[in-house]
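J.: Handing you a structure now.
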Amino acid sequence: ASLENQSRRQSFAPLPQPTSSVIARDPRNMNDKAYQQKCMKHLLSFLLERGYDNPVSMKTLRMPSGKDFTSIMTFVLRRVDSNFQRDGDMKFEDEVSLSLKNLGYPFPISKTALVSAGSPHTWPQLLAVLSWLVKCLEATEAVKTWPEEQTQNEEETNTFESIQQLEEETDKRFFIYLAEVYQAFMRSEAETEERLEAALAERHERDDAFLAQEIERITDLNATIVERINDGNDQSQEIKTFSKKREEYATDLEQFQDLIRQMDDHKAAMEKKVDERKKDLATVTDKINRSNKCMEDLQNKIENQELSLEDAKKLEIEARTMSESLDRVMEQRQTLKDAIASYEAEISKHIENVDSLVAEYNKKLADMSTLPLIGPIYGALKAELNKDCLEEDQSSILGVDLRGDVQQTIGSHLPEVERRTEEKNIEYQDILDEVQEKENLNKEAGVKLGILAEEYENSEETVRQERNAHEAKLSVRQREVAAMHEKGEALRDPVALEEQIAGIERQCAEIEALRRSHNEESIARKHSVQRSIALACVSMQEHENLVRQTVTESKRFWDQKRQALRKVSAPDGGSREN
Numbered sequence: 003a004s005l006e007n008q009s010r011r012q013s014f015a016p017l018p019q020p021t022s023s024v025i026a027r028d029p030r031n032m033n034d035k036a037y038q039q040k041c042m043k044h045l046l047s048f049l050l051e052r053g054y055d056n057p058v059s060m061k062t063l064r065m066p067s068g069k070d071f072t073s074i075m076t077f078v079l080r081r082v083d084s085n086f087q088r089d090g091d092m093k094f095e096d097e098v099s100l101s102l103k104n105l106g107y108p109f110p111i112s113k114t115a116l117v118s119a120g121s122p123h124t125w126p127q128l129l130a131v132l133s134w135l136v137k138c139l140e141a142t143e144a145v146k147t148w149p150e151e152q153t154q155n156e157e158e159t160n161t162f163e164s165i166q167q168l169e170e171e172t173d174k175r176f177f178i179y180l181a182e183v184y185q186a187f188m189r190s191e192a193e194t195e196e197r198l199e200a201a202l203a204e205r206h207e208r209d210d211a212f213l214a215q216e217i218e219r220i221t222d223l224n225a226t227i228v229e230r231i232n233d234g235n236d237q238s239q240e241i242k243t244f245s246k247k248r249e250e251y252a253t254d255l256e257q258f259q260d261l262i263r264q265m266d267d268h269k270a271a272m273e274k275k276v277d278e279r280k281k282d283l284a285t286v287t288d289k290i291n292r293s294n295k296c297m298e299d300l301q302n303k304i305e306n307q308e309l310s311l312e313d314a315k316k317l318e319i320e321a322r323t324m325s326e327s328l329d330r331v332m333e334q335r336q337t338l339k340d341a342i343a344s345y346e347a348e349i350s351k352h353i354e355n356v357d358s359l360v361a362e363y364n365k366k367l368a369d370m371s372t373l374p375l376i377g378p379i380y381g382a383l384k385a386e387l388n389k390d391c392l393e394e395d396q397s398s399i400l401g402v403d404l405r406g407d408v409q410q411t412i413g414s415h416l417p418e419v420e421r422r423t424e425e426k427n428i429e430y431q432d433i434l435d436e437v438q439e440k441e442n443l444n445k446e447a448g449v450k451l452g453i454l455a456e457e458y459e460n461s462e463e464t465v466r467q468e469r470n471a472h473e474a475k476l477s478v479r480q481r482e483v484a485a486m487h488e489k490g491e492a493l494r495d496p497v498a499l500e501e502q503i504a505g506i507e508r509q510c511a512e513i514e515a516l517r518r519s520h521n522e523e524s525i526a527r528k529h530s531v532q533r534s535i536a537l538a539c540v541s542m543q544e545h546e547n548l549v550r551q552t553v554t555e556s557k558r559f560w561d562q563k564r565q566a567l568r569k570v571s572a573p574d575g576g577s578r579e580n
């Protein structure tokens, strides 16, 4: 370094270095996140208050770049030495290391850490160095400004409220004098020592003169008070008047005390009502808990049953459906039987007619067989009626085998149709159960809403009655306070009466505060009930909308399924309307 730099470094006022070769261990927990956060907040506050030019924030200080660290360290060290890093003859890390050594930083700091500032393993150590420098600068500034402020305060005030304050100020001035005269002694400045000693003696003389004046003033004040006491002893008539007024104030005070007792009784009655309501609430809560427990037990029993309640309902519905279907089938069967009997009777008639025709035909044919030429020919044309021809071969008459082809094809599709029909019946029953459940919930919600509305009306009536009672009591107290003010204005201002009036005013203020407290409690209870009712109404409205939406979706779903069930696949792949 140049000679100029060496001479400039003497302005750091280096502290004596420890002679021991043992390296001091840093007791600060620099890796602690809370400690780092505290140091960063302190450093940020220092930079902003001292006019740091570059942009800086907590985000910047969490992981600064090398450029940011260089700028911040330069700004802080220039608060100590204004020529820091201005000539550029020394490297930044060398000059920072020298500055910290001259300032007496008690722990070693490597130049490598100064070069690699901002890395996670070096930044906590450098942050601790910056925090130490900031604290040193703040302490130095406070020490420099304190004697000036202290001297200014001493010049501005010459009065003391108590002897203790006078002793404290005297001790402070003595310690200031001791520090300054010690510095002058170390610098061998005899004139400065004499000047400081003369200033301290002059200050003590001013204090002595002030004390003498205060003693004289208090003595005169005591003499005046003694004279007033003597004059008061001679004025016995005024004492009687004041005694009478004191009795009147005592009577008024008793009235106020009675009023306070009434308010206490009212408060106790209200607290008793609150306790009763709490007991009622506890009883209702107990009942609800017992009901819930009973419901849970029943629910557990139902869940543990092999056949659940829903299954029983489904079976009952299926049985009812099957019974209805069976009745319809029996009706159709009976109708078909009647039709078949009618067809059989008609067919029997036709067969009898055909038999008679065949018999007549055979008879005529037998008559014709007696003819000599054509008799043999007609004898071979004998007719015979075969009633079981359709059962032996249906295709010979109908053109299609009903038992072999049609009935077999229908039988192969019948199980699938029956399975789909069963599934749709189950889905329909589930939808009906859900709709019924939503309707029950809607009814329960309506009942709860009615209860809440009734509670709201009762609360409104209670609040109205309490407000009227409070307003009546307030008007009475206001008239009493106005009367007390009129009496107070008509009286003189002796010390005893002033104390009584102040006491009565304090009691009035306490009563007014008690009234306001009761009024605020009533308003708070009213608002609480209103909020509860509003929330309940909103919940009921949302529940009602949900139920309506669910019912609408269920109906739409059932309509779609019902339309789908109207079409049943036929054996030939076509569709047939039921």
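Using my numbering, the first residue of the sequence shown is number 3, and each one after it goes up by one. Using N, Cα and C, we set each Cβ at its ideal position, and we do this for glycine too.
Which of the three DSSP states, helix, strand or coil, is assigned to N448?
T.: Per the sequence presented here, residue 448 reads as Gly, with Asn not at that position. In this structure, G448 counts as helix in the three-state DSSP scheme.
J.: Tell me where the alpha helix (DSSP H) around V78 begins and ends.
T.: 68-80
J.: Using C-beta distances below 8 Å, list every residue in its chain close to E436, excluding the 5 sequence neighbours before and after it, in chain order.
T.: So the list reads T552, S556, once near-sequence residues are dropped.
J.: Which residue comes first and which comes last in the alpha helix (DSSP H) that contains N104?
T.: 94-105
J.: Classify C41 as buried or exposed, calling it buried when 16 or more other Cβ atoms lie within 10 Å of its own Cβ.
T.: buried
J.: So the alpha helix (DSSP H) S47 belongs to, where does it begin and stop?
T.: 35-51
J.: Rounded to a whole number of angstroms, what is the C-alpha to C-alpha distance between D254 and H487?
T.: Spanning the two alpha carbons is a distance of roughly 12 Å.
J.: Alpha carbon to alpha carbon, how far is I503 from K247? Give it in angstroms, no decimals.
T.: 11 Å
J.: Do P66 and G120 have their C-beta atoms within less than 8 Å of each other?
T.: With contacts defined by Cβ atoms closer than 8 Å, P66 and G120 form a contacting pair.
J.: For H585, which residues of its own chain have a beta-carbon under 7 Å away from its beta-carbon, when the five flanking residues on both sides are left out?
T.: Outside the displayed span of the chain (3 to 580) sits residue 585, for which this structure offers no information.
J.: For a test of the three-state rule: what should DSSP assign to Q334, helix, strand or coil?
T.: helix
J.: Can you give the beta carbon distance from L129 to Q185, rounded, assuming they're within the 8 Å contact cut?
T.: Rounded, the Cβ-Cβ distance is 35 Å, inconsistent with contact.
J.: Can you list, in chain order, the residues of its chain with a C-beta nearer than 7 Å to that of N33? Leave out the 5 residues immediately preceding and following it.
T.: Cβ within range, chain order: P126.
J.: Could you check how far apart the C-beta atoms of H545 and A455 are, in whole angstroms? I think they sit under 8 Å.
T.: With 8 Å as the limit, H545 and A455 do not qualify as a contact, their Cβ atoms being about 16 Å apart.
J.: Which of helix, strand or coil does DSSP assign to M370?
T.: helix
J.: Buried or exposed for Q565, please, with buried defined as at least 16 other CB atoms from any protein chain shown within 10 angstroms of its CB.
T.: exposed
J.: Taking only three categories from DSSP, how would you classify P417?
T.: helix
J.: Measuring only the C-alpha atoms, how far is M265 from M272?
T.: 10 Å
J.: Need the endpoints of the alpha helix (DSSP H) that M65 sits in, please.
T.: First-last for M65: undefined, no H or E at that position.
J.: Using the C-alpha atoms, what's the distance from E425 back to Q562?
T.: Their Cα atoms are separated by approximately 14 Å.
J.: Let me check understanding here. Comparing Cα to Cα, which of Y54, L116, R88 lies closest to G68?
T.: L116
J.: Tell whether a beta-carbon distance below 8 Å holds between S101 and F77.
T.: Taking a C-beta distance under 8 Å as the contact criterion, S101 and F77 do not qualify as a contact pair.
J.: Could you give the distance in angstroms between the alpha-carbon of M542 and the alpha-carbon of E441?
T.: 13 Å
J.: Would DSSP call H123 helix, strand or coil?
T.: In this structure, H123 counts as coil in the three-state DSSP scheme.
J.: For K113, which residues of its own chain have a beta-carbon under 8 Å away from its beta-carbon, when the five flanking residues on both sides are left out?
T.: E95, D96, S99
J.: Along the chain, where does the alpha helix (DSSP H) that runs through Q58 open and close?
T.: Inspection of the sequence shows that residue 58 is occupied by Val rather than by Gln. Segment: none, V58 is in no alpha helix (DSSP H) and carries neither H nor E.
J.: If you count every other CB in all the chains shown that lies within 10 Å of the CB of F71, and 16 or more means buried, which is it?
T.: With 16 or more other Cβ atoms within 10 Å, it is buried.
J.: Can you tell me which of E182, T172, E318 puts its alpha carbon nearest to the alpha carbon of H206?
T.: T172
J.: With 16 as the cutoff for other CB atoms within 10 Å, does V419 come out buried or exposed?
T.: exposed
J.: In this structure, how does DSSP classify G90 when only helix, strand and coil are distinguished?
T.: coil
J.: State the Cα-Cα distance for the pair S59 and R30, rounded to the nearest angstrom.
T.: 24 Å
J.: Work out the CA separation of D28 and D55 for me, nearest whole Å.
T.: 32 Å
J.: Any chance the stretch 458-474 sits against the stretch 215-228, with 3 or more Cβ pairs inside 8 Å?
T.: no
J.: When the Cα atoms are used, what is the spatial distance from V549 to N444?
T.: Computed Cα separation, rounded: 7 Å.
J.: From A343 to R330, what does the alpha carbon distance come to, in whole angstroms?
T.: 20 Å
J.: Which complete alpha helix (DSSP H) runs does the stretch 243-271 hold, if anything under 4 residues is left out?
T.: none
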